[in-house]
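Student: Under my numbering, the first residue of the sequence shown carries the number -7, and numbering increases by one thereafter. Dropping the structure in here first, questions after.
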Amino acid sequence: MNSFGPEQPPDPAAEPPDDAAPTPFAPTVPTRVTIHTGPPAPATAPPQPGQWLQDQPYGASPHAPYAVAVARRSHRWRQLLLPLLVLALVGGAGAVLFRDRLFGDDQPAHPSEWDPRVADLVEFVQTARELQWVHPVYVDFLAEAEFVALFDQPQGNQAADATAGLYSQLYDAFGLAVGYDPTQGDATVSAITTLGFYSPADDRVYVRGDLITPAVRVVLAHELTHALQAQHFDLAGDGADDLELRAVVEADALRVEDAFRATLSAADRVAADDGNSLAPEAAAGLSDVPWAVLEQRDAPYVLGPMLVGDVFAAAGNAGIDELIGTPPTEEILLNPWLHGTEQQDAAVTLEVPVGTIVLDPPQPLSAVAMLVMLDAWLPWRQARGALDGWAGGGYTSYQRDGVVCFTATATFDDSGTPFANAVAAWATASGSAAAPTTVVNDVTFEACKRAVGATAPPPPVVSPMQALSLEHDVIALAGDGPSLAQIREYQCLAGTMIDDPLLAPLLFNEILNDAEQALFTWQSTIAANECGVPPLTQRP
């Protein structure tokens, strides 16, 4: 979604024409309530946009700098500080760095008993998750300076700086950023937005601050869920299904976190939400971080909850255990209603071009990466529709004559034409020289760092992860067990509202004034009529 121009909307309270749709009436749409978590930067390598989340620790940032002044439609979409899960890539040297900075290396692997400050939370998480603790874990409450220092990046590493420069070019090739330093940027995001994290590599929970507040207790409920998960499941993943596993693991922790939050008094819930919200002055420190980078951190928290909620409702914790053991494909995460059907990505083989230096070896192509890339420059419905019938893909990146490029091939169950058309439109809009080619249902394109003068995508009115969250919420209005036709109709409604320049700015406002509510009612009724679903009177 591109930014919409400042056109003055028509007066929605004016008398509608005689042939206008009737005033809509619909039941109140439920609001989901949770907070988000997110990871610190890896201690060495910068994030790799082609792999999307595969080379980052678990976690996602739920906010972006463009949204500082925007009231979110629920506290999940407020700007939040982050508890987080740090997994495989913060193992080894990174995990030792975290631990040894503060505790040395002479402590036992885990304590003999729990910190009494978290004893009730330990019991709550064990009961809610229906898993037994194997042993206690350390919970370290750190002073502000100590906690922020965990994210400091080592200076003077020329090899790391050179690698960061290559991935900066790769972000440019994806059309997501210009001149971005991914190593420093990731560290900045983590230091500003993190409330706490759990690291399975050293089996510790780290918390920002030494006061036990309602906000910290909510964070601990989330992080202790990760600690319990790590005692029963292999959370490291194998690289190929990393995002899929993260989405399930984070949604599971969000579910337990929500259950704990619901036990708090009304005053403590307000205090927890306020304590986990990022102040505008702190968010200003994120101004140099591209919004698309923050989107990649959002992904697990948006992709997982609908599927995990459905599975928990049907099969309880045993169903969640099965999901963690056998993560769904990205296609199922994007389209949770496909769960239970046979959806396996096809293996697509790519050859690295001769005479190049490999950056990312051939690997599966992320559908989520393609969605964010396309949506950064195209209308939501065009970007989202380009993935219909997704059947897998392949990706590799490399350096040729000092310029970083990537090649991607996507394959589809039916025609790949919508995807090819979207890539061509993306190339035109972003200033890329990419030119897709289609062979049967396979679409292949190469994209390189763009020419001088190329720009970063404009901040969106509705970000890709917000759009997916809204889409999932709107589809839920179809009721239990909707048909595929009904799902498509409600998906149409969500997409039409997201691409409406009058409606989009209202979708995530927490409060609407009378004129805005009238505008929402009028425009959403038009969208509902176009898509063949009942009209709404309240935002989903």
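All C-beta atoms in this analysis are idealised placements derived from N, C-alpha and C, irrespective of residue type, glycine included.
Going by C-alpha distance, which of Leu366, Leu469 and Ala383 is nearest arginine 376?
Tutor: Cα-wise, what sits closest to arginine 376 is Leu366.
Student: Name the residue from Ala306, Trp125 and Val360 whose alpha carbon lies nearest to the alpha carbon of alanine 239.
Tutor: Here the closest residue by C-alpha is Val360.
Student: Could you tell me how far apart the beta carbons of aspartate 302 and threonine 321 are, in whole angstroms, since I believe they sit closer than 8 Å?
Tutor: Wrong, their Cβ atoms sit about 16 Å apart, outside the cutoff.
Student: Taking 8 Å as the threshold, find out whether the stretch 200 to 220 comes into contact with the stretch 273 to 291 through three or more Cβ pairs.
Tutor: Because the criterion of three Cβ pairs below 8 Å is not met, the stretch 200 to 220 and the stretch 273 to 291 do not touch.
Student: I'd like to know whether the C-beta atoms of valine 140 and alanine 183 end up nearer to each other than 8 Å.
Tutor: Yes.
Student: Quick one, are the C-beta atoms of aspartate 534 and isoleucine 312 less than 8 Å apart?
Tutor: Lying outside -7 to 532, the shown extent of the chain, residue 534 is not represented and no answer is given.
Student: Are alanine 486 and valine 466 touching if we call contact CB-CB under 8 Å?
Tutor: Yes. Within cutoff.
Student: Decide yes or no for the touch test of the stretch 416 to 436 against the stretch 267 to 283: beta carbon pairs closer than 8 Å, at least 3 of them.
Tutor: Verdict: no, contact absent.
Student: Would threonine 185 and alanine 263 be called neighbours here (beta carbons separated by less than 8 Å)?
Tutor: In this structure, alanine 263 does not lie closer than 8 Å to threonine 185 by Cβ.
Student: Once DSSP output is grouped into helix, strand and coil, what is the label at serine 104?
Tutor: It is coil, neither helix nor strand.
Student: May I have a chain-ordered list of the beta strand (DSSP E) segments no shorter than 3 residues that lie completely inside the stretch 126 to 186?
Tutor: Correct list: 130 to 134.
Student: Taking the runs of the beta strand (DSSP E) that are 3 residues or longer, which of them lie wholly in the stretch 284 to 359?
Tutor: DSSP runs (the beta strand (DSSP E)) wholly in the stretch 284 to 359: 349 to 356.
Student: If you follow the beta strand (DSSP E) that alanine 470 is part of, which residue opens it and which one closes it?
Tutor: Note, alanine 470: premise wrong, no beta strand (DSSP E); not H, not E.
Student: Return the first residue and the last residue of the alpha helix (DSSP H) that tryptophan 382 is part of.
Tutor: Counting along the chain, tryptophan 382 falls outside any alpha helix (DSSP H), though it belongs to the beta strand (DSSP E) covering 382 to 392.
Student: According to DSSP, simplified to helix, strand and coil, what is phenylalanine 512?
Tutor: Looking at phenylalanine 512 - three-state DSSP - the assignment turns out to be helix.
Student: Which residue comes first and which comes last in the alpha helix (DSSP H) that contains phenylalanine 116?
Tutor: It spans 111 to 121 - the alpha helix (DSSP H) in which phenylalanine 116 sits, taken as one unbroken run.
Student: For serine 389, count neighbouring C-beta atoms within 10 Å of its own C-beta (all shown protein chains included) and say buried if the count is 16 or more, exposed if not.
Tutor: Classification for serine 389: buried.
Student: Measure the CB-CB distance between methionine 298 and histidine 464 and report whether it falls below 8 Å.
Tutor: Their beta carbons are under 8 Å apart, which means methionine 298 touches histidine 464 by this criterion.
Student: Tell me, please, which residues DSSP counts as bridged to arginine 196.
Tutor: Paired residues: Tyr130 and Ser191.
Student: In the DSSP assignment, what are the bridge partners of cysteine 440?
Tutor: In DSSP, cysteine 440 forms a bridge with Cys397.
Student: Can you tell me where the alpha helix (DSSP H) holding valine 248 begins and where it ends?
Tutor: Unbroken alpha helix (DSSP H) run through valine 248: 234 to 254.
Student: Per DSSP, what kind of secondary structure is alanine 52 in: helix, strand or coil?
Tutor: Its pLDDT being 27, under 50, alanine 52 is placed unreliably in this model, and the coordinates cannot settle the point.
Student: Excluding the 5 residues preceding and the 5 following glutamine 391 in the sequence, name in chain order all residues of the same chain whose CB lies nearer than 7 Å to its CB.
Tutor: For glutamine 391, where only same-chain residues beyond five positions count, the Cβ hits under 7 Å are Leu158, Thr348, Ile349 and Leu351.
Student: In three-state DSSP terms, what is aspartate 434?
Tutor: Strand, per DSSP.
Student: Just mark leucine 476 as buried or exposed, buried being the case when its beta carbon has 16 or more other beta carbons within 10 Å.
Tutor: Per the 10 Å Cβ criterion, exposed.
Student: Could you spell out the range, first to last residue, of the alpha helix (DSSP H) harbouring threonine 205?
Tutor: Threonine 205 -> no alpha helix (DSSP H), and no H or E assigned at all.
Student: Looking at the structure shown, is phenylalanine 500 part of a helix, part of a strand, or coil, going by DSSP?
Tutor: Coil at phenylalanine 500, not helix or strand.
Student: With H, G and I counted as helix, E and B as strand and the rest as coil, what does DSSP make of serine 257?
Tutor: Coil at serine 257, not helix or strand.
Student: Does the distance from the CB of proline 532 to the CB of leucine 460 come in under 8 Å?
Tutor: Result no, Cβ atoms of proline 532 and leucine 460 do not sit closer than 8 Å.
Student: Around the Cβ of valine 415, are there at least 16 other Cβ atoms within 10 angstroms (buried) or fewer (exposed)?
Tutor: Classification of valine 415: buried, given that the 10 Å Cβ count is 16 or more.
Student: Just mark histidine 214 as buried or exposed, buried being the case when its beta carbon has 16 or more other beta carbons within 10 Å.
Tutor: Buried is the call here.
Student: Buried or exposed for histidine 218, going by 16 or more other Cβ atoms inside 10 Å?
Tutor: Per the 10 Å Cβ criterion, buried.
Student: Assign alanine 207 to buried or exposed, taking buried as 16 or more other Cβ atoms, counted over all protein chains shown, within 10 Å of its Cβ.
Tutor: Looking at its Cβ environment, which holds 16 or more other Cβ atoms inside 10 Å, alanine 207 is buried.
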